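Asker: One structure follows; several queries about it will come next.
In my numbering, the protein residues as written are 2 to 133.
Put into structure tokens, the structure is as follows:
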């Protein structure tokens, strides 16, 4: 019995700790995602085969972005189609205005780089589909 318990503990502690969640919500739609890439204590975790979640939003609406407190504590910023669109944000909630018009945007939440680095320490890509 003790051998089985010891093996079970090894299996449980050997599991990967999930990366923090980011949630996007607009209207009645919401999506959540773990990081596509994340730096945990100097080890880069990459999620193979990552598919960006798709959020549908109406033109002129608002996208509510909620990040884990651990992300907000380090700071994060947003990029639209690979162009940075915000300064560093340190609150766990951010409201992004959706422009008028239609189309699809690649929206990525980047965790701020560690001190002395220029590379983001985490990324959460999403696809934002704007249509009435």
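Glycine residues also receive a C-beta, built at the ideal position from the N, C-alpha and C atoms. All values derive from a computational prediction rather than experimental measurement.
Nearest-angstrom Cα distance between residue 11 and residue 18?
Answerer: Within the chain shown, the letter at position 10 stands for residue 11. Within the chain shown, the letter at position 17 stands for residue 18. In this prediction, residue 11 scores a pLDDT of 37, lower than 50, which makes its location untrustworthy; no coordinate-derived value is stated.
Asker: Just mark residue 86 as buried or exposed, buried being the case when its beta carbon has 16 or more other beta carbons within 10 Å.
Answerer: The sequence position of residue 86 within the chain shown is 85, counting from 1. Exposed is the call here.
Asker: Which residues share a DSSP beta bridge with residue 34?
Answerer: Your numbering for residue 34 matches position 33 in the chain shown. 23, per the DSSP bridge assignment.
Asker: What is the rounded straight-line gap between the Cα of residue 99 and the Cα of residue 79?
Answerer: Position 98 of the chain shown, counting from 1, holds the residue named residue 99. Position 78 of the chain shown, counting from 1, holds the residue named residue 79. The alpha-carbon atoms of residue 99 and residue 79 are separated by roughly 13 angstroms.
Asker: Taking the continuous alpha helix (DSSP H) assigned at residue 75, which residues delimit it?
Answerer: Reading the chain shown from its first residue, position 74 is the one you call residue 75. Taken as a continuous stretch (DSSP letters only), the alpha helix (DSSP H) holding residue 75 covers 70-75.
Asker: Between residue 111 and residue 125, what straight-line distance do the alpha-carbon atoms span, to the nearest angstrom?
Answerer: By 1-based counting over the chain shown, the position of residue 111 is 110. By 1-based counting over the chain shown, the position of residue 125 is 124. When rounded, the distance between both Cα atoms is 6 angstroms.
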